[in-house]
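Enquirer:
In full-length UniProt numbering, the protein residues as written are 1 to 400.
1) Short check: CB of residue 308 to CB of residue 171, under 8 Å?
2) In the DSSP output, what is residue 214 paired with across the bridge?
3) Provide the residue(s) that pair with residue 183 in DSSP beta bridges, ordered along the chain.
4) Out of 387, 191, 113, 178, which one is the CA nearest neighbour of residue 95?
5) Closer than 6 Å by C-beta to residue 320: which residues in its own chain qualify, once you throw out the five before and the five after it? Chain order, please.
6) Tell me whether residue 338 sits in a helix, a strand or coil according to DSSP, three-state version.
7) Kindly indicate which three-state DSSP category residue 314 falls into: helix, strand or coil?
8) Hey, how far is the Cα of residue 139 from the Cα of residue 185?
9) Enumerated in chain order, which unbroken segments of the alpha helix (DSSP H) with a length of 4 residues or greater are wholly contained in the stretch 89–175?
10) Beta-carbon separation of residue 104 and residue 111 under 8 Å?
11) Given residue 39, which residues of its chain have a CB within under 6 Å of its CB, disregarding the five upstream and five downstream residues?
12) Looking only at its chain, what residues have a beta carbon closer than 6 Å to the beta carbon of residue 290, apart from the 5 residues adjacent to it on each side?
13) Classify residue 241 as buried or exposed, calling it buried when 16 or more other Cβ atoms lie within 10 Å of its own Cβ.
14) Three or more beta-carbon pairs under 8 Å between the stretch 293–306 and the stretch 217–230, yes or no?
15) Between the stretch 78–96 and the stretch 124–141, can you find at least three pairs of beta-carbon atoms closer than 8 Å?
16) Please go through the same chain and pick out, in chain order, the residues whose beta-carbon is closer than 7 Å to the beta-carbon of residue 188, but skip the five residues on each side of it.
17) Cβ atoms of residue 124 and residue 164: under 8 Å apart, would you say?
18) Pull up the DSSP beta-bridge partners for residue 352, would you.
19) Just to confirm, is the Cβ distance from residue 253 to residue 102 under 8 Å?
20) Between which two residues does the alpha helix (DSSP H) carrying residue 401 extend?
21) Nearest-angstrom Cα distance between residue 332 and residue 345?
22) Tell me the residue span of the alpha helix (DSSP H) that contains residue 40.
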């Protein structure tokens, strides 16, 4: 990530209240679709950088801000939106984005039915999902049984139920926001695309109410159709939170810090492993420091812009405890863990994808193999024998 003008576009309005009020009343959000359109076709004029306003607020970003010119907040129109303004209404696009959108890291293969929560039922209520086998068979139009779909690896899920449910009552007590635990079930069609078939939203018990859960499905009548769109909107909000807090901040920025700190403490600047890693570490600590000043700080941009509010960054810590494992972060290991690939020595990259048209994995594995080949050759050049690793005191100090 670099702080270019494009990056600053997405955060600078939160630092300048006058710009935010130019867009829309912050207490109301966007009142209609045309208010969102203004981000793309009108933009917002910015104060003169030479006047010192931005230099005070963003001393390390002022060059990037200057490059943005007067139209810094004139957002580029996404290609999909440019071609079809309401493409995001479509189930096909909703399914496509789980594989090729902003967050292709979360989709998982369903490996057992019924779907069930792992949370304590004494606190969070009955763990069984309302997405039953009968409902699945109804929504896939009887082309196969639910068990056959399970066996043939045709069912996939975005599961934010257990991560979000413990925070639902806390977040719902905040003004102007809401939250549910969510499960979204997809069916892999014969054409190789994902079709959403059911969305379950859940609230845990509270002091005066029992657990509430409801399954939304698509239907042609207006009310059901719009409820289905609202359910998808909730899932998109959950997915955006997970992408930014877990996939982006946690897995990309935060978890890299210990290795950078250890490398600078324990490895000399001329050590071959330090020289290998240094280009990757470059700017990471500075970017993270900037993030702590304005993005992930208490009351900062992230807490102000995402639905969990003041609990947003706390969620990232919980996800680290529940989900992050060093040995599962490599792309092949991650794909296997999520059931999106199986080991196959005869397949390209040694993996066979469960969904053939999975652009994140298709392209990512090409890049992964290239990096792996380069790093392997580099390390083998300096450590042709295992004893050289065993006797490298700096390397041991860094790793331990």
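Glycine included, each C-beta is placed from N, C-alpha and C at the ideal position.
Expert: This is what the structure holds:
1) Yes; because the gap between Cβ atoms is below 8 Å, this pair is in contact.
2) Answer is 201, bridged to residue 214.
3) Bridge partners of residue 183: 159, 200.
4) From the listed residues 387, 191, 113, 178, the smallest Cα separation to residue 95 is found for 191.
5) Correct list, in chain order: 250.
6) In this structure, residue 338 counts as coil in the three-state DSSP scheme.
7) Helix, per DSSP.
8) Residue 139 and residue 185: Cα-Cα distance of roughly 11 Å.
9) Given a length threshold of 4 residues, each whole run of the alpha helix (DSSP H) inside the stretch 89–175 is given here in chain order: 91–100, 121–124, 133–139, 146–151, 161–164, 168–172.
10) Their beta carbons are not under 8 Å apart, which means residue 104 does not touch residue 111 by this criterion.
11) The answer, listed in chain order, is 75.
12) Excluding residues within five positions, none has a Cβ falling inside 6 Å.
13) Looking at its Cβ environment, which holds 16 or more other Cβ atoms inside 10 Å, residue 241 is buried.
14) With the cut-off at 8 Å, the stretch 293–306 and the stretch 217–230 do not touch.
15) Judged by Cβ distances under 8 Å, the stretch 124–141 makes no contact with the stretch 78–96, as fewer than three pairs qualify.
16) Excluding residues up to 5 positions away in sequence, 154, 156, 194, 355 lie with their Cβ nearer than 7 Å to the Cβ of residue 188 in the same chain.
17) The answer is no: Cβ separation not under 8 Å.
18) Paired residues: 342.
19) No, the pair does not count as a contact, with Cβ atoms beyond the cut-off.
20) The requested residue 401 is not part of the displayed model; the chain covers only 1 to 400.
21) Rounded to whole angstroms, residue 332 to residue 345 spans 13 Å at the Cα level.
22) Segment 33–41, the alpha helix (DSSP H) holding residue 40.
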